[in-house]
Amino acid sequence: MIFKDNFSTISYAFALGVLWSASIAAITLWTIAEEKKSTLNLAKAEARAYFNKDQAVRLWATEHGRIYVPVTSNYPPDPNLAHIPERDIRTPSGIRLTLINPARIIRELDENFGHLYGVTGKVTSLTPLAVENTPDEWEKLALYRLALGEKEVIELTTIDGQEYLRLMQPLMVNAGCLLCHAGQDFTPGEPGGGIGIALPMQELRAQEATAIVSKTSILLILWLLGIASLIVGAWIIARQVAVRQRMLQRLQRSEKRKSAIVETALDAIVTIDEDDRILEFNPAAEKIFGYTAQEVMGERMAELIVPEPLRRQHYEGFQKHLQTNKATIIGTRIETTAMRADRTEFPVELSITRIDQKDTPLFTAYIRDITINREMAQQLMHQASHDYLTNLLNRHSFEQSLQSLLDSMGASSQHCLMYLDLDRFKLINDSCGHAAGDELLRQLAILLDDNTGDDAILGRLGGDEFGLVIKNRTPEAALQIGRKLLKEVQDFRFYWGNKIFSLGMSIGLVNITDAGQGVTDLLRLADAACYQAKEEGRNRIIVTNQFDGKILQLRRGEIDWITHIEAAFEQQRFVLYQQPIHRIGNGAKPPFVAMEILLRMRDPKGRMVTPDRFIPSAERYNSMAVIDRWVLRNTLRWLATHPHKERMPELTTINLSGASVVDPLFLDYVLEQLQLTSVPPGSICLEITETVAITNLSRARHFITELHGTGCLFALDDFGSGMSSYGYLKDLPVDFLKIDGQFVQDMDRDPISLAMVKSINEIGQLMGKQTIAEHVTSEATLALLAEIGVNYAQGYYLGEPTPLDDLY
Numbered sequence: 002m003i004f005k006d007n008f009s010t011i012s013y014a015f016a017l018g019v020l021w022s023a024s025i026a027a028i029t030l031w032t033i034a035e036e037k038k039s040t041l042n043l044a045k046a047e048a049r050a051y052f053n054k055d056q057a058v059r060l061w062a063t064e065h066g067r068i069y070v071p072v073t074s075n076y077p078p079d080p081n082l083a084h085i086p087e088r089d090i091r092t093p094s095g096i097r098l099t100l101i102n103p104a105r106i107i108r109e110l111d112e113n114f115g116h117l118y119g120v121t122g123k124v125t126s127l128t129p130l131a132v133e134n135t136p137d138e139w140e141k142l143a144l145y146r147l148a149l150g151e152k153e154v155i156e157l158t159t160i161d162g163q164e165y166l167r168l169m170q171p172l173m174v175n176a177g178c179l180l181c182h183a184g185q186d187f188t189p190g191e192p193g194g195g196i197g198i199a200l201p202m203q204e205l206r207a208q209e210a211t212a213i214v215s216k217t218s219i220l221l222i223l224w225l226l227g228i229a230s231l232i233v234g235a236w237i238i239a240r241q242v243a244v245r246q247r248m249l250q251r252l253q254r255s256e257k258r259k260s261a262i263v264e265t266a267l268d269a270i271v272t273i274d275e276d277d278r279i280l281e282f283n284p285a286a287e288k289i290f291g292y293t294a295q296e297v298m299g300e301r302m303a304e305l306i307v308p309e310p311l312r313r314q315h316y317e318g319f320q321k322h323l324q325t326n327k328a329t330i331i332g333t334r335i336e337t338t339a340m341r342a343d344r345t346e347f348p349v350e351l352s353i354t355r356i357d358q359k360d361t362p363l364f365t366a367y368i369r370d371i372t373i374n375r376e377m378a379q380q381l382m383h384q385a386s387h388d389y390l391t392n393l394l395n396r397h398s399f400e401q402s403l404q405s406l407l408d409s410m411g412a413s414s415q416h417c418l419m420y421l422d423l424d425r426f427k428l429i430n431d432s433c434g435h436a437a438g439d440e441l442l443r444q445l446a447i448l449l450d451d452n453t454g455d456d457a458i459l460g461r462l463g464g465d466e467f468g469l470v471i472k473n474r475t476p477e478a479a480l481q482i483g484r485k486l487l488k489e490v491q492d493f494r495f496y497w498g499n500k501i502f503s504l505g506m507s508i509g510l511v512n513i514t515d516a517g518q519g520v521t522d523l524l525r526l527a528d529a530a531c532y533q534a535k536e537e538g539r540n541r542i543i544v545t546n547q548f549d550g551k552i553l554q555l556r557r558g559e560i561d562w563i564t565h566i567e568a569a570f571e572q573q574r575f576v577l578y579q580q581p582i583h584r585i586g587n588g589a590k591p592p593f594v595a596m597e598i599l600l601r602m603r604d605p606k607g608r609m610v611t612p613d614r615f616i617p618s619a620e621r622y623n624s625m626a627v628i629d630r631w632v633l634r635n636t637l638r639w640l641a642t643h644p645h646k647e648r649m650p651e652l653t654t655i656n657l658s659g660a661s662v663v664d665p666l667f668l669d670y671v672l673e674q675l676q677l678t679s680v681p682p683g684s685i686c687l688e689i690t691e692t693v694a695i696t697n698l699s700r701a702r703h704f705i706t707e708l709h710g711t712g713c714l715f716a717l718d719d720f721g722s723g724m725s726s727y728g729y730l731k732d733l734p735v736d737f738l739k740i741d742g743q744f745v746q747d748m749d750r751d752p753i754s755l756a757m758v759k760s761i762n763e764i765g766q767l768m769g770k771q772t773i774a775e776h777v778t779s780e781a782t783l784a785l786l787a788e789i790g791v792n793y794a795q796g797y798y799l800g801e802p803t804p805l806d807d808l809y
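First residue of the sequence shown? That's 2 in our numbering, and the numbers climb one at a time after it.
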């Protein structure tokens, strides 16, 4: 709960951080855009100002009509003005003057003095008098646009690799212009050309960059302050949440202790006389039935708390007892139904005693409301048939449901089976841990359940694999459902911490048209089709029918693992590990008394490969007997060649597969190896899983009985994973029960898991078996196991798997 609340706090802080970051980013982008816009507006204003300056010079010059300058080498008479009679004049003092036009004045100002302000201006037209006024390409296009009616042409361009803002406005012809342009058919008041401005942007861009750096620096500081505030705030809130949760936990523990103390006083106690009239009604009865003692005193009990359908039976039994003095239910404990004041019925546990006072019989009923017990039993049954993580059907229940469907199939029935396997699930487990993987599976289970319909059968088959049965649908309809599931999973996003994951899913779909094949064959075929979907690129559906055996040949990946296994045998790359098993006692460090042998494989690069990678292929392709022989032989040889020392365990457990248990030759092999190595059989315990033992009960019983005769011990592994195991346990002469780790690891948090562990331990002890708890991961779990009387414990809290040679 603390983790969940802290996770929510972190999630909210993370969301606020993302929102804050997005806001600052948006403001930054807006600021940069505004600066660029401001720079462009400033450049346009400057360009128009320079245009107005040149326009003023030109208007001033044309207004005066004739402007003369002394003739020099730099200012010879303009041949373009030769048509003007007074182009050249001489002053009375003898100075020779020549006429210049406004375009030349502007050009001369830019050429000789433009360096003072860095902006060039130019008077130009499509029919210029002077070559110097000939328009360049940009100016020519601008003049065409002005001729078409545009009032201004302004653009950012590049000149000699530098950025410029270029502007051109029309040059309107007035009377003074006709002096120089008399022969060009210009009309006063109409455009005769244009004045172009080329404004360099370098300085303005430098100012823009300085402003952007300054403002974005301020925004960066604000962002950092905001993020720091969020982090500090989240940390403070998380601490407060943790303190509050600890207080709640202490309060809950206190309430549990109080409940345990008053538990025996929770039963309703009701006393009646021989006329069925109530004489005593305790506070617990008031609470359970909803009456006050004053309301019921002297009233008939049956009329108040016995449901109407049961009253006749109550009266008849009561009168029969009074007449014959023969006990019916007196002195026994039964379950029946009672009725509250609001007329609602509920289950109760009832025990009745009789006391005679002065020849007057009094009957006292002790009534316990067992509604919660019934709900607990239903929860236990639910947990036995459902996957503890996803709350979907577990593999056993899924297969039973599929078998029931096959058994009820008619001639026209048509169903579809899907095998669904997540893609890239291992990436999340490896990068974020198993807690993230578990949460992902929970979320995906909800997603799949929401998109399959109420009449579908959905279950978790193991790991990241799911099974789905679509009932009474055509293959086309089932295919549409499968495609919908693919899209839903593909669109799904899994958030863990600061990471976001997308997934895919591979699906094998089998059309079932009759019950010609069993559940195992159908699942194998669907699994093979799913495997082919992965081989063809993942995130797709492969469809087959129930009698298509060719697809099973496509399991090349598993065949490759068989090749790896064979190579590992040849190159001696199998390695034995061990994990300690401790006897549970009152001490803080229980003694190390046994060890379980575990198998590892080294790949060609020397990396360790865990059994979950290669054992499924070995099981599928019947290689487990070979592996079991190797493990047994090398374990016994190791024990025979290493003298017993204080740190060596008293007992060594070895896992056996179902293939070995049912193999008649394997029994002889075990006896042979025990004789060759001279290892005491009493120091060896062979482990077989609950599923193997129940599935092959007669052969398992024979195997265990024969080896028991030599002194070997036996353990039933993963006990509790199936409710049917209780019924078969008395037929299996095993010495130890290894309680399924899925209940042990959650027993300090889940009352259902705790109840399951208690139940398994009590049954085991009652049958003379010793119990071993797997997956012990904390001191709290170990303490609970000691409290309920489990004999041994094994798990990472007590010791992780290590190479067998490290013991010596």
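C-beta atoms are modelled at their ideal positions from N, C-alpha and C, and glycine is treated no differently.
My understanding is that Phe52 touches Ile160, with C-beta atoms under 8 Å, so please give their C-beta distance in whole angstroms. So it is not a contact: roughly 17 Å between Cβ atoms.
Give the straight-line distance between the Cα atoms of Asp806 and Phe704, rounded to the nearest whole angstrom. 30 Å
The beta strand (DSSP E) that contains Ile331, what's its start and end? Counting along the chain, Ile331 falls outside any beta strand (DSSP E), and DSSP gives it neither H nor E.
What residues are listed by DSSP as bridge partners for Thr690? Asp718
Under 6 Å Cβ to Cβ from Glu140, same chain only, skipping five residues before and after it: list those, please. Thr125 and Gly197
Throw me the rounded Cβ distance for the Thr453 and Leu441 pair, which I believe falls under 8 Å. In fact, because the Cβ distance is near 18 Å, the residues do not count as touching under 8 Å.
On the DSSP letters alone, give me the boundaries of the beta strand (DSSP E) that His84 sits inside. Looking at the DSSP string, His84 is not in any beta strand (DSSP E), and its letter there is neither H nor E.
Quick one: grab the DSSP three-state call for Pro171. strand
Using alpha carbons as the reference points, say which of Leu43, Thr636, Arg630 and Ile685 lies closest to Leu666. Arg630
Cα-Cα, which of Thr711, Cys713 and Leu730 is closest to Phe720? Leu730
Excluding the five sequence neighbours on either side, which residues of its own chain have a C-beta within less than 7 Å of the C-beta of Glu597, listed in chain order? Gln579, Gln580, Ile582, Thr654 and Gln795
Counting pairs of beta carbons, one from the stretch 518-533 and one from the stretch 415-435, are three or more of them closer than 8 Å? yes
Answer yes or no: do Leu403 and Val544 have a C-beta to C-beta separation smaller than 9 Å? no
Buried or exposed for Thr333, please, with buried defined as at least 16 other CB atoms from any protein chain shown within 10 angstroms of its CB. exposed
Using the rule of at least 16 other Cβ atoms within 10 Å of the residue's Cβ for burial, across every protein chain shown, is Phe615 buried or exposed? buried
Expressed to the nearest angstrom, what Euclidean distance is found between the alpha-carbon atoms of Val225 and Thr40? With the sequence shown as reference, residue 225 is identified as Leu, and Val is not the correct amino acid for it. Each residue's alpha carbon lies about 29 Å from the other.
Kindly indicate which residue of Val594, Gln746 and Ile306 has the alpha-carbon position closest to the one of Leu785. Gln746
Excluding five sequence neighbours on each side, which residues of the same chain lie with their C-beta closer than 6 Å to the C-beta of Glu466? Asp422
Give me the Cα-Cα distance between Lys327 and Lys321, rounded to the nearest whole angstrom. 8 Å
Strictly by DSSP, which residues pair up with Asp424? Gly505
Under 8 Å, with one C-beta from each stretch per pair, do the stretch 744-761 and the stretch 381-392 reach the 3-pair mark? yes
Using beta-carbon positions only, say whether Met506 and Gln491 come within less than 9 Å of one another. yes
Per-residue DSSP class, three states only, for Thr372: helix
Opposing strand residues paired with Tyr496 [DSSP bridges]: Ile501
Closest by C-alpha distance to Gly122, when choosing among Arg88, Arg344, Gln56 and Ser74: Gln56
Lys216 versus Met340, Asn283 and Ile25, residue with shortest Cα-Cα distance: Ile25
Mind checking who Cys433 pairs with in its DSSP beta bridge? BP columns for Cys433 are empty, so no partner.
Mapping DSSP to helix, strand and coil, what is Gln795? coil
Quickly, what does DSSP pair Ile740 with across the bridge? List them, please. Phe720 and Ala774
For Ala660, collect the residues of the same chain with a Cβ closer than 6 Å to its Cβ; drop the 5 residues on either side in sequence, then sort them by chain order. Met625 and Ala626
Assigned secondary structure, Arg91 (DSSP; H/G/I helix, E/B strand, else coil): strand
Test item: CB-CB of Ala143 and Val154 under 9 Å: yes
Below 8 Å CB to CB, which residues in the same chain sit around Ile501 once its five sequence neighbours on both sides are set aside? Arg494 and Phe495
For Gly193, which option in Met169, Tyr797 and Met202 has the closest C-alpha, if you only look at C-alpha atoms? Met169
Out of curiosity, what's the CA-to-CA distance linking Arg91 and Pro77? 14 Å
Burial state of Ile222 (16 or more Cβ within 10 Å): exposed
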